[in-house]
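Residue numbers (UniProt numbering): 1 to 120. Heads up, the beta-carbon is just placed ideally off N, CA and C, and yes, glycines get one too.
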């Protein structure tokens, strides 16, 4: 379909299929390439290539996410080495302050970070 308009924004306009036909007439190589793409599409080969490309992109994205998480975790573990002893000391100090003390029975119900209570 081709149509012409007059005026300031005038010109001759055509649909995409007219453009494809004109390009095929100008260059037989274009016509062959267009038929090859259509054939690949109808046989499913073109979709398979796009699917592989999508899978590759997803794997690259997953790799980047896991690499960032590993880096983040590594930084967290390095910081944990210094913060853990301080937190353990503070927890034990507060737990000792909350304990009811009976003279002669100190340290019976001490909370430890291992999660066990009442170690004798």
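Who are the near neighbours of residue i in its chain, counting only those whose CB is closer than 7 Å to its CB and skipping five residues on each side?
i          : result
residue 90 : none
residue 24 : 30, 31, 34
Am I right that residue i and residue j are in contact with their C-beta atoms under 8 Å? What's the rounded C-beta distance?
i          : j         : result
residue 10 : residue 2 : So it is not a contact: roughly 14 Å between Cβ atoms.
Identify, in the order they occur along the chain, each residue of the same chain with its Cβ nearer than 8 Å to the Cβ of residue i, setting aside the five sequence neighbours on each side.
i          : result
residue 36 : none
Could you tell me the alpha carbon to alpha carbon distance between residue i and residue j, rounded to whole angstroms?
i           : j          : result
residue 67  : residue 76 : 14 Å
residue 113 : residue 74 : Confidence in residue 113 is poor, its pLDDT being 49 and thus under 50, which makes the residue's placement too unreliable to answer from.
residue 58  : residue 4  : 46 Å
Let's see if you can read the secondary structure: which residues bound the beta strand (DSSP E) around residue i?
i         : result
residue 7 : No beta strand (DSSP E) contains residue 7, which DSSP labels as neither H nor E.
Heavy atom of the ligand PLP less than 8 Å from the Cβ of residue i, yes or no?
i          : result
residue 93 : With respect to small molecules bound, the structure shown includes none, and the ligand PLP cannot be examined in it.
Using a Cβ-Cβ cut-off of 6 Å (strictly less than) and excluding sequence neighbours within five positions of residue i, which residues of its own chain qualify?
i          : result
residue 92 : none
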